[in-house]
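A.B. asks:
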Amino acid sequence: MERKIINTGDGSKTLFIPQMDEQYHSVNGAITESEYVYLEKGYRHNKAPEPVILEIGFGTGLNALLTAIEAENKKRKTTFISLEKYPLESAEIQQLNYGNMISERAEELFSALHQCEWNRKINISPYFDLLKLKTDLTQFSFEKIPPLDVIYFDAFGPDKQPEMWNEEIFRKIFEISNSKANLITYTSKGEIRRRMQRSGYISERLPGPPGKRHMLRATRP
Ligand SMILES: C[S@@+](CC[C@H](N)C(=O)[O-])C[C@H]1O[C@@H](n2cnc3c(N)ncnc32)[C@H](O)[C@@H]1O
Numbered sequence: 001m002e003r004k005i006i007n008t009g010d011g012s013k014t015l016f017i018p019q020m021d022e023q024y025h026s027v028n029g030a031i032t033e034s035e036y037v038y039l040e041k042g043y044r045h046n047k048a049p050e051p052v053i054l055e056i057g058f059g060t061g062l063n064a065l066l067t068a069i070e071a072e073n074k075k076r077k078t079t080f081i082s083l084e085k086y087p088l089e090s091a092e093i094q095q096l097n098y099g100n101m102i103s104e105r106a107e108e109l110f111s112a113l114h115q116c117e118w119n120r121k122i123n124i125s126p127y128f129d130l131l132k133l134k135t136d137l138t139q140f141s142f143e144k145i146p147p148l149d150v151i152y153f154d155a156f157g158p159d160k161q162p163e164m165w166n167e168e169i170f171r172k173i174f175e176i177s178n179s180k181a182n183l184i185t186y187t188s189k190g191e192i193r194r195r196m197q198r199s200g201y202i203s204e205r206l207p208g209p210p211g212k213r214h215m216l217r218a219t220r221p
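Residue numbering for the sequence shown follows UniProt numbering, starting at 1 and increasing by one per position.
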């Protein structure tokens with residue numbers, strides 16, 4: 001499927017899939033969205049001292065990058081597991097400007113995240129282990145991964161890829177989550193919220209990032 005690099009509102013780039021009419025991040029700002037939705041409302045909100053994170057959709061690696069930077073700054077040992085069915089090509093990765101918009105250290109981490117082997121846990125920095133799994137979420141056996149503290153649910157929209165948002169997937173993730181685990185997503189759709197609740201989560205609607213009224217955060221009681 002064709003992917004195009006586009007600029008977003010805060011100057012950071014993202015990818016757009018014309019055939020799906022869908023982009024990887026908000027057009028109002030890729031870094032701004034990722035920082036607010038996943039870092040602020042997820043990673044920083046969760047109090048696990050050494051969190052295990054599961055991300056649905058590694059994509060550009062932006063969520064992983066921001067988390068790796070924060071883990072280093074806060075000396076919070078973090079394990080980051082990310083599922084991806086369609087990894088980016090290296091020509092696409094080279095056109096993304098996250099590293100150079102943030103810092104020199106971010107550039108180094110960004111290369112390390114992308115260069116690291118798939119399907120093997122790799123120590124990227126003293127505070128950040130990454131396990132990128134090249135797999136299809138809808139076929140994935142969750143028994144393979146350790147108990148989770150934070151879930152970055154960053155699939156394409158429920159109207160574009162409904163099979164990623166079904167209740168059975170939320171239930172499987174719930175079952176391997178620790179008490180007080182948080183599942184965060186940029187969508188605020190009522191039906192998605194109800195599926196999370198029927199899977200056992202308590203879910204809240206939070207103010208969204210720029211350009212979006214709301215987003216969702218679910219918590220395992
Ligand atoms: C919204 S983008 C993720 C953005 C990403 N978190 C980032 O920081 O760039 C959704 C991602 O889900 C991936 N994806 C689509 N279908 C999938 C599937 N069945 N299993 C796993 N990943 C899938 C896409 O390739 C894409 O990278």
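Cβ atoms here follow ideal geometry from the backbone N, Cα and C, with glycine treated the same way.
Using 10 angstroms around the beta-carbon of M159, count the other beta-carbons present and answer buried if the total reaches 16, otherwise exposed.
C.D. replies: The question names Met, but residue 159 is Asp in the sequence shown. Looking at its Cβ environment, which holds fewer than 16 other Cβ atoms inside 10 Å, D159 is exposed.
A.B. asks: Based on the DSSP output, what are the partners of residue 235 in its beta bridges?
C.D. replies: In the structure as shown, the chain starts at 1 and stops at 221, and residue 235 therefore has no counterpart that could be examined.
A.B. asks: Take K13 as the anchor and find which of E50, L96, D21 has the nearest alpha-carbon.
C.D. replies: Comparing Cα positions, the closest option is L96.
A.B. asks: In the DSSP assignment, what are the bridge partners of A218?
C.D. replies: Partner(s): L183, S203.
A.B. asks: Please report the Cβ distance between Y43 and T67, rounded to the nearest whole angstrom; I am assuming they are in contact, meaning their Cβ atoms lie under 8 Å.
C.D. replies: So it is a contact: roughly 6 Å between Cβ atoms.
A.B. asks: On the three-state DSSP scale, how would you describe Q161?
C.D. replies: Reduced to three states, the DSSP call for Q161 is coil.
A.B. asks: Can you tell me which residues form a DSSP beta bridge with V52?
C.D. replies: For V52, which the question treats as bridged, DSSP gives the partners T79.
A.B. asks: Would you list the residues sitting across from K132 in a DSSP beta bridge?
C.D. replies: Its beta-bridge partners are S82.
A.B. asks: Is the stretch 29 to 39 touching the stretch 209 to 220 in the sense that three or more CB pairs, one from each, lie closer than 8 Å?
C.D. replies: In short, these stretches touch, since the Cβ pair count reaches three.
A.B. asks: Output needed for Q19: all residues of its chain with C-beta closer than 6 Å, excluding positions within five of it in sequence on either side, in chain order.
C.D. replies: If we look at Q19 and ignore the five residues flanking it on each side, its Cβ neighbours are M1.
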